[in-house]
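The next block holds one structure in the form of structure tokens; read it before the comments.
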Amino acid sequence: MARHTRNSTFTPWIAAALTTALTGVAACTADAATTSSGTGDPAPGAAGIGDTLHPGLGNGGYTVRHTDLAVRFAEDLTTYTATTTLRGRATRSLSRFNLDLTGTTVRSVTVDGREAAWDHSGEELRVTPAAPVPSGQGFSVEVTVHAPVADPEAAGKLGTSAIGMVRAKDTVQTLNQPSGAHRIAALADHPAQKAPTTITITAPARLNSIANGELTTSRREGAYTVRRFESRQKLAPELIQIGVGPFTVVKRRGPDGIKLRHALPNGEVNDLLPQIDTVVPKALRFFTQRLGAFPLRTYGVYATPMGGELETQSLTLLGSEELTKEGMEANGSDTVVAHEISHEYFGNSVSPRRWSDLWLNEGHAVYYQSLWAQETHGADLVDVMKRKYQDSAAELRKQGPIADPEAGAFTPGDMAPYGWGAYQGGALALYALRQKVGEDTFRRIERAWVAENRDSTAGTADFIRLAGRVAGRDLGPFLRSWLYSEKLPAMPGHPDWHTS
Ligand SMILES: [Zn+2]
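Residue numbers (full-length UniProt numbering): 1 to 500.
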């Protein structure tokens, strides 16, 4: 998973909850078989988009052009009502289509303003419009649900509720990766179906609220404040952040005209802000110098007592306890910030085509986190990579290859797809590529990757093709031997390195 503490372990309640939260995903696969081929006679859309690791995520038969999510909280924050308005376009004639949804009570479903029939089981909401949606036609589906906001302590014991929206006292945050967003509202919950997104939060006026993107309007409505946030760049549901709490939003002008806005707990602003003012602009310059223009116009951190270290788009979720008074560079939490900022390029702007492409998110994040640690903390990159290489044989034996498109559906208790291979193995594969093609060519590959796939979706085969094109030679056999095998090849330039 892409949640990071300094020692790369999970907070136990998050890990426990994650393991159980995904139990139902595999149960959704059978529906995919109901899809007809062709675009002629109306037929049901598939329950998923064909992600072997998470077969139920995303939905077949349509593309998503815009997502609007409006969340209204109860005064005590224990429950909320969420309305999703999703504008899509049918890629085949649809008699019925699905949205991803679980753990909520459905209040209403309409298609193009007309009441639609629906049934909800497992993690799938099946919507039958009054009339079929012809192939190529745009449509709008609106789903209103009511749900509890999970308490993280209780969720840790119960398991399933911690992924999605969680609350501790007066603070709400979301932890969606990879499949928690559809615990919040009805969505097409796969990065390959990301779309520009508007999030409206109606929350008690005594508290503040924040979400991904830019604040566009704010108004008082009785005892509530209604704030609307716009993500012009496509936003994958797994990267949605919805924050409510006693926090202060501090605005800054960042490098290259990037608008910074940080949400910091009231009472901790004076301690945290000097650290963030030091680390964030420095990290943004570090990445723009290496990778080119930042993918977003707005960036900031959302520091909460719960934390979770997650790269929610334009608004990195951090645990406020990570940002201690001793300073982020003193305790190493600056490397976490560097890791999460790198995700704005790798994972957020360039989203994985399938979850088995996770190494493209996490391998890059760990690689650049290591580079940052070398520059700011003197941690020698070669030593860091050598240690990872030494560990590789044992880790790959346990967990399988770095990228594994043949892997079966995710099962609770087997965290291998979100383990060593994607993170440390992915970073090693990138280091091997750099050793193979040289620093200058490697930098050109990286810049081309984020520029050409900006605000889009790409997979492992795309990376292999692009690397070969930029380097001017076929890197397929080399990269495949690193990414798809259970024993890593010799590291170019380091014939003395051995695996355990
Ligand atoms: Zn990460």
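Cβ coordinates follow ideal geometry from the N, Cα and C atoms, glycine included.
TODO: Please classify residue 259: does DSSP put it in a helix, a strand, or coil?
DONE: One-based indexing of the sequence shown puts residue 259 at position 259. DSSP places residue 259 in strand when its eight states are reduced to three.
Open item on the list: ligand 1 and residue 365: does any heavy atom of the ligand fall closer than 7 Å to the residue's C-beta?
Closed with: By 1-based counting over the sequence shown, the position of residue 365 is 365. Yes, since a heavy atom of ligand 1 falls inside the 7 Å radius drawn around the Cβ of residue 365.
Task: Cβ pair residue 142, residue 182 closer than 8 Å - done: What you label residue 142 is simply residue 142 of the sequence shown in a count that begins at 1. What you label residue 182 is simply residue 182 of the sequence shown in a count that begins at 1. Contact: no.
Open item on the list: Assuming residue 68 is part of the beta strand (DSSP E), what are its boundary residues?
Closed with: Position 68 of the sequence shown, counted from the first residue, corresponds to residue 68. Per DSSP, residue 68 belongs to the beta strand (DSSP E) from 62-73.
Task: Coarse secondary structure for residue 43, derived from DSSP in three states - done: For this step, residue 43 is matched to residue 43 along the sequence shown. Residue 43 falls in the strand class under three-state DSSP.
TODO: Answer with yes or no whether the minimum CB distance from residue 182 to chain C is below 8 Å.
DONE: Judged by its chain identifiers, the structure shown contains no chain C, having just a single protein chain.
- [ ] Just confirm the distance between the C-beta atoms of residue 177 and residue 238, as a whole number of angstroms; I'd bet it's less than 8 Å.
- [x] If you number the sequence shown from 1, residue 177 lands on position 177. If you number the sequence shown from 1, residue 238 lands on position 238. The pair is a contact, with the Cβ atoms about 5 Å apart (cut-off 8 Å).
- [ ] Using a threshold of 8 Å, state whether the C-beta atoms of residue 264 and residue 345 are closer than that.
- [x] Along the sequence shown, read from residue 1 onward, the residue named residue 264 stands at position 264. Along the sequence shown, read from residue 1 onward, the residue named residue 345 stands at position 345. No. Outside cutoff.
Open item on the list: Alpha carbons only, please: which of 114, 127, 132 and 74 is nearest the one belonging to residue 40?
Closed with: Stepping through the sequence shown from its first residue, residue 40 is reached at position 40. For the residues 114, 127, 132 and 74, the minimum Cα distance to residue 40 belongs to 132.
Open item on the list: Please state whether the Cβ-Cβ distance between residue 492 and residue 432 is less than 8 Å.
Closed with: Mapped onto the sequence shown, residue 492 falls at position 492. Mapped onto the sequence shown, residue 432 falls at position 432. Cβ atoms of residue 492 and residue 432: closer than 8 Å.
TODO: My understanding is that residue 475 touches residue 389, with C-beta atoms under 8 Å, so please give their C-beta distance in whole angstroms.
DONE: Here the question's residue 475 lines up with position 475 in the sequence shown. Here the question's residue 389 lines up with position 389 in the sequence shown. With a Cβ gap of about 19 Å, residue 475 and residue 389 do not count as contacting.
Open item on the list: Here's the rule: buried if 16 or more other CB atoms are within 10 angstroms of the residue's CB, otherwise exposed. What is residue 362?
Closed with: Position 362 of the sequence shown, counting from 1, holds the residue named residue 362. Looking at its Cβ environment, which holds 16 or more other Cβ atoms inside 10 Å, residue 362 is buried.
- [ ] For the stretch 407-482, list the alpha helix (DSSP H) runs that are entirely contained and at least 4 residues long, ordered along the chain.
- [x] 426-437, 439-452 and 460-471
TODO: Run the CB neighbour count on residue 572, radius 10 Å, all protein chains shown included, and call it buried at 16 or more, exposed below.
DONE: Past the boundaries of the shown model lies residue 572; the chain is included only from 1 to 500, so the question cannot be answered.
Open item on the list: Can you tell me whether residue 335 is helix, strand or coil according to DSSP?
Closed with: Within the sequence shown, the letter at position 335 stands for residue 335. If DSSP states are grouped into helix, strand and coil, residue 335 belongs with the helices.
Task: Span of the beta strand (DSSP E), counted from its first residue to its last, around residue 247 - done: If you number the sequence shown from 1, residue 247 lands on position 247. Start and end: 247-253.
Open item on the list: I need the straight-line Cα distance from residue 495 to residue 328, nearest angstrom please.
Closed with: To locate residue 495, count along the sequence shown from 1; it is residue 495. To locate residue 328, count along the sequence shown from 1; it is residue 328. Taking the straight line from one Cα to the other gives about 37 Å.
Task: Reduced DSSP secondary structure (H/G/I, E/B, other) of residue 207 - done: Numbered from its first residue, the sequence shown carries residue 207 at position 207. In the structure shown, residue 207 sits in coil (DSSP, three-state: anything other than H, G, I, E or B).
- [ ] Assign residue 343 to one of two classes, buried (16 or more other C-beta atoms within 10 Å of its C-beta) or exposed (fewer than that).
- [x] Start at 1 with the first residue of the sequence shown, and residue 343 comes out as number 343. Buried, because 16 or more other Cβ atoms sit within 10 Å of the Cβ of residue 343.
Open item on the list: Strictly by DSSP, which residues pair up with residue 126?
Closed with: Counted from its first residue, the sequence shown places residue 126 at position 126. Per DSSP, 98 and 119.
Task: Separation of residue 457 from residue 125, as counted between CA atoms - done: Within the sequence shown, the letter at position 125 stands for residue 125. Within the sequence shown, the letter at position 457 stands for residue 457. Using only the alpha carbons, I get a separation of about 25 Å.
- [ ] Please report the residue range of the beta strand (DSSP E) in which residue 233 lies.
- [x] Taking the first residue of the sequence shown as 1, we reach residue 233 at position 233. It spans 224-235 - the beta strand (DSSP E) in which residue 233 sits, taken as one unbroken run.
- [ ] Assign residue 289 to buried or exposed, taking buried as 16 or more other Cβ atoms, counted over all protein chains shown, within 10 Å of its Cβ.
- [x] Taking the first residue of the sequence shown as position 1, residue 289 is located at position 289. Flag for residue 289 reads exposed.
Task: Beta-bridge partners of residue 144, as assigned by DSSP - done: Here residue 144 corresponds to residue number 144 of the sequence shown, with the count starting at 1. Answer is 83 and 108.
Task: Spatial distance of residue 198 from residue 231 (CA atoms) - done: Counting from one through the sequence shown, the residue named residue 198 turns up at place 198. Counting from one through the sequence shown, the residue named residue 231 turns up at place 231. Their backbone Cα atoms lie some 6 Å apart in a straight line.
TODO: Using only the heavy atoms of ligand 1, determine whether one of them is closer than 7 Å to the beta carbon of residue 343.
DONE: Mapped onto the sequence shown, residue 343 falls at position 343. Within the cutoff, so yes.
Task: Coil, strand or helix - residue 165 by DSSP - done: Sequence index remark: in the sequence shown, residue 165 carries index 165 (1-based). Three-state result, residue 165: strand.
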